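Same order as they appear, the protein sequences are chains P and U. Residue numbers for the first sequence, in my numbering: 74 to 442. Residue numbers for the second sequence, in my numbering: 6 to 564.
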Amino acid sequence: MWSASFWACFLGCSTVLALVVPAFNLWIPPSSAIALPDYAVPLLGKYLCYALLALSLDLIWGYAGILSLGHGAFFALGGYCMGMYLMRQIGARGVYGNPALPDFMVFLNWKELPWFWWGFDHFAWAAAMVLLVPGLLALLFGWLAFRSRVTGVYLSIITQAMTYALMLAFFRNDMGFGGNNGMTDYKDILGWDVHQPSTRLGLYIASATALGLGYLLCRFITSSKLGRVLLALRDAESRVRFLGYSVTNAKLFVFIVSAVLAGIAGALYVPQVGIINPSEFSPANSIEIAIWVSVGGRGTLSGAVVGAILVNAGKTWLTGAAPETWLFALGAIFILTTLIFPRGIVGLLRETRWIRRRAATAIAAGEQA
Amino acid sequence: MRSALASALPLTRMSSPVSIAEGGGRIIRLLGIAGVMLILLTAPLPVRADEFATLVMGLGAESFAEKEQAVTALGKLGDKRAIPVLVALQDGHLVKVADGRVLISETARLVDPVTRTAISEMTAADRIRVNNLLRGAIEGALGGLTLFSADPATRLTAAQDALRHPSADEAALLERAITAERDPAVRAAMETSLAAARLVSGSKEERLVAAHALGTTTDPQIKNLLDQFRAAPDIDPELRQAADAALTSIENRLWLVGIAANLFQGISLGSVLLLAAIGLAITFGVMGVINMAHGEMIMIGAYAAYMCQQLFREFLPAAWIDGYLVLAVPAAFLTAGSIGVALERSVIRFLYGRPLETLLARWGVSLILQQAVRSIFGSPNKEVANPRWMTGGFDAIGGFTITWNRVAIILFCGVVLGVLALVLNRTRFGLYVRAVTQNRDMAAVMGIRTAWVDALTFGLGSGIAGMAGVALSQIGNVSPNLGTIYIVDSFLVVVFGGVGSLMGTLVGALSLGIVNKFLEPIAGAILGKIVVLVAIILFIQRRPRGLFALKGRTADAEA
């Protein structure tokens, strides 16, 4: 697992993502054909956030058999925490120029800041919330669901219900999170202007770092003893339980880790796209995450990253070139990957090249979901 | 009210004002011929012809105060002929000619309102001016007068309007109107308004009777009136007591009506959910996987209804249009059903045993179907009209209207459920479906062609979804994302009720519908929905397989 070839691969990819991309943006003159224009940096950063999100889903779906169709909720919650921090950084520079309240609260005639906004002036508090809010929700939800052995399709449906309920809640103006419009018009992050190319490059590098660390963490979990238990319970949950392992705790732990990773992805995503609104909670978004993982290859970790980047790059290209065909293409990807390439891109590669070497530890998705 | 007047009274043929309306004192040429009168209505016997004539003359007075007196008096007179005069005055079509007569100017014609003869001579005419105070008086007088209109609907509106300005004059008018009234509904409305007027202006005995009578109504307006009445500082304690009693009685009634209304709306919503979820429950039962494309089957059914409507509009006589539903229901069933079978044969059958991936493949199918419909029909909503027998509704109790389309959907839902129960419990196919639901392997061993059962069940479930789409097209617009609106709710119905159980789906849908509607007034529509969602998520903890879970070892085998 932690062989030299793995490290070589990992460091190679990290270098490309975290160093070469910024270099192409900074040191190659914009007139050059291979230069990376400024607008592409946050776009790539966005893909990396999606990749981290896909990674978090692969951790629970690929290894523990928990298909969460509400993972977008954790992503959005992380994003909202970051959005609240960014809103507080606007200060008196909003449209209404109110130093104490964000614009939408002034608009709603609110007189003072609700208690759950306290502390979001400080980055440390916001960062803690980015980890805590998705983590606690996952703890609560997972504890309820796994304790009573809600599995398979039922779990997928109630996670979907969870994100749907959150979407409806965040659409309400009274919730105090900007309602329908969400939060936007950010100015600064940690004192740097979010519109500056240099800030965006910084955010990009932060996203790449988070993705790299997230990958290592997932890799560590899945190759540990706990990872083996997860694989086992994915394939035969009752048997693992009878062997004396606490299935509930194992699932709960990995579910919380996954939710926190998704929250971090959301927090990095928001300053790069410049807006967070309740549509991030929509069940359709959450299902899309599953397809990124599926395309790249379930239960491979690297596949999730590849899938997220490829599908989203395809989406960017296709929605620009022929917008009405995007849903056809996405639908076709859903059907084809599940029907014809159930192992995804990375699974396919491994099958052909490393099939003998990896036979013992093959974790390809197949017989059981 | 104006339009109601215009249609109700042939007398008021108001056309564009003649040029005399433009400025006073202009001499105009009147083209009308006395013999060709526009209005040939035999005027009602002029019982108080003289008084009426005098009052009409009074409208031509110089001062606004005198005019107002005349208007008020005309209103009290209760003579139908006053209506066109007042309308004309309001519209600036009432003129005064040089010899002092007051005339209505219709298009190029002056009519003597007293004798209803057209005046054909060339004459100088002054438009009678009105000010805002006078306009108010005219509105009031007209409101009273329409109580005597020939059209029951106009009378009803007038009687209900009278509730808004109860007074002694109103009471007198209403009393007279009631004696002449034949229509029981209008009469009841008039009596309510009369009671309100008496409460405000009558003697103590009258007021007591009125308060008692008002206690049997449910109108919020009357509640306000009673509230104001009892809050008056110098009120007789006995009267206050009577008003309080009436208020309590009204509140009790409103509460009951509220419950009945919520219950009906809950059942109505529940039946919609049931229609949407029942196909889902069957396929889920047989195949163990939620059909993510189920919402799109509903949408396809709704578009089938739209197509049928368009076909009837284009190719069949206009009188047949109401029959399009007869074609739409089977068409929707067959379209959605055949798409379902095709889908099962081409995609889903390769994915058995991989429930989570099936979920994703079906989601892909749903995206493609949605986009296909959007490409064919366009994204804007399509409107499917209710057939005539389904439009409107009836007033059940106290201002709560039951609409026919809701009733029809509840009945339709009952029929579908009944037929489905028969199919599942009384036919060979139903037996196979139940066998495969309970234990697929054993059923296969017994010689049931499970693949064939799968395909047909999927077709049946999709077909029912299509019929649900026809029902939904009757209560809302048809759009490509129609299915997604109901899909999460129908998932929850199935999960709540239990897999593959008609009974579970029925109980799940109805309880979800009713709980939703009862929560709405308390918590608001969205918050109510969130509460329901959270409640279901918690409920799943207790009973992970739903209310009516299948019992036995096999029930745990899938996931």
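Glycine included, C-beta positions come from ideal geometry on N, C-alpha and C. Computed from a predicted structure; not experimentally measured.
Going by DSSP in three states, U/Asp117 sits in which element: helix, strand or coil?
coil
Say whether chain P places a C-beta atom closer than 8 Å to the C-beta of U/Ser467.
no
Using a Cβ-Cβ distance under 8 Å, would P/Arg245 count as near chain U?
yes
Report the residue from U/Leu425, U/Asp232, U/Leu82, U/Arg169 whose alpha carbon sits nearest the alpha carbon of U/Ser198.
U/Arg169
Quick check: the stretch 87-101 of chain P against the stretch 276-286 of chain P, are at least 3 beta-carbon pairs closer than 8 Å?
yes
Mind pulling the chain P residues with CB within less than 9 Å of U/Phe501?
Chain P residues near U/Phe501: none, gap ~10 Å exceeds 9 Å.
Between P/Ser367, P/Asn182, P/Glu361, which has its C-alpha nearest P/Asn246's C-alpha?
P/Asn182
Please confirm if the stretch 347-355 of chain U is in contact with the stretch 276-284 of chain U, defined as three or more CB-CB distances below 8 Å between the two stretches.
no
In three-state DSSP terms, what is U/Gln110?
Checking the sequence, you will find Ser at residue 110 of chain U rather than Gln. Note: U/Ser110 maps to strand in three-state DSSP.
Residues of chain U with CB closer than 7 Å to the CB of P/Pro16, please, in chain order.
Given that chain P is displayed from residue 74 to residue 442, the structure contains no residue 16 of chain P and the question cannot be resolved.
Helix, strand or coil at U/Ile531 according to DSSP, with G and I counted as helix:
helix
Just by C-beta distance, which residues in the stretch 391-404 of chain P are closer than 7 Å to chain U?
Glu397, Leu400, Phe401, Leu403, Gly404
Local conformation of U/Gly503 per DSSP, three classes:
coil
Can you give the Cα-Cα distance for P/Met178 and U/Arg235, rounded to whole angstroms?
41 Å
Of all the CB atoms in chain P, is at least one closer than 8 Å to the CB of U/Gly474?
no
Would you call P/Leu228 buried or exposed, if buried means 16 or more other Cβ atoms sit within 10 Å of its Cβ?
buried
Interface positions of the stretch 356-372 of chain U facing chain P (Cβ-Cβ less than 9 Å), listed along the chain
Leu356, Gly358, Arg359, Pro360, Leu361, Glu362, Thr363, Leu364, Leu365, Ala366, Arg367, Trp368, Gly369, Val370, Ser371, Leu372
Are the C-beta atoms of P/Ser78 and some chain U residue less than 8 Å apart?
no
Check the Cβ-Cβ distances between P/Gly225 and every residue of chain U, and say whether any is below 8 Å.
yes
Taking all protein chains shown into account, decide if P/Phe189 is buried (16 or more other Cβ within 10 angstroms of its Cβ) or exposed.
exposed
Using a Cβ-Cβ distance cut-off of 8 Å, determine whether U/Ile44 contacts chain P.
Legend: pLDDT at U/Ile44 = 38, less than 50; position of this residue unreliable, no value from coordinates given.
Show which residues of chain P have a CB atom less than 7 Å away from the CB atom of U/Pro485.
Within chain P, no residue comes near U/Pro485; the closest Cβ sits about 10 Å away, beyond 7 Å.
Check the Cβ of P/Ala238 against every Cβ in chain U and list those closer than 7 Å, keeping chain order.
Ile535, Leu538, Val539
CB of P/Leu217 to nearest heavy atom of the ligand NAP: below 7 Å?
As for the ligand NAP, it is missing from this structure, which has no ligand bound.
Nearest to P/Gly43 by alpha carbon, out of P/Thr282, P/Ile133, P/Ile262, P/Phe401?
Outside the shown range of chain P, which is 74 to 442, sits residue 43 of chain P, and nothing can be said about it.
Identify the contact partners of U/Leu497 in chain P, using a Cβ-Cβ distance below 7 Å as the criterion.
Ala234
Against chain B, with Cβ distances strictly below 8 Å, would U/Ile305 count as a contact?
Of the chains in the structure shown, none is chain B; the protein chains are P and U.
Does U/Phe553 come out as helix, strand or coil in the three-state DSSP assignment?
coil
Local conformation of U/Asp131 per DSSP, three classes
strand
If you draw a straight line from the alpha carbon of P/Arg166 to that of P/Phe214, how long is it in whole angstroms?
39 Å
Give, in chain order, every unbroken run of the alpha helix (DSSP H) that is at least 4 residues long and sits entirely within the stretch 126-193 of chain P.
144-163, 176-180
Rounded separation between U/Ala247 and U/Leu511 - CA only
47 Å
For P/Ala149, which of P/Pro115, P/Phe244, P/Ala173 has the nearest alpha-carbon?
P/Phe244
Per the DSSP calculation, P/Ile349 is bridged to which residue(s)?
P/Met256
What is the DSSP secondary structure of U/Trp618, counted as helix, strand or coil?
In the structure as shown, chain U begins at 6 and stops at 564. Residue 618 of chain U is therefore absent and cannot be evaluated.
With H, G and I counted as helix, E and B as strand and the rest as coil, what does DSSP make of U/Asp188?
coil
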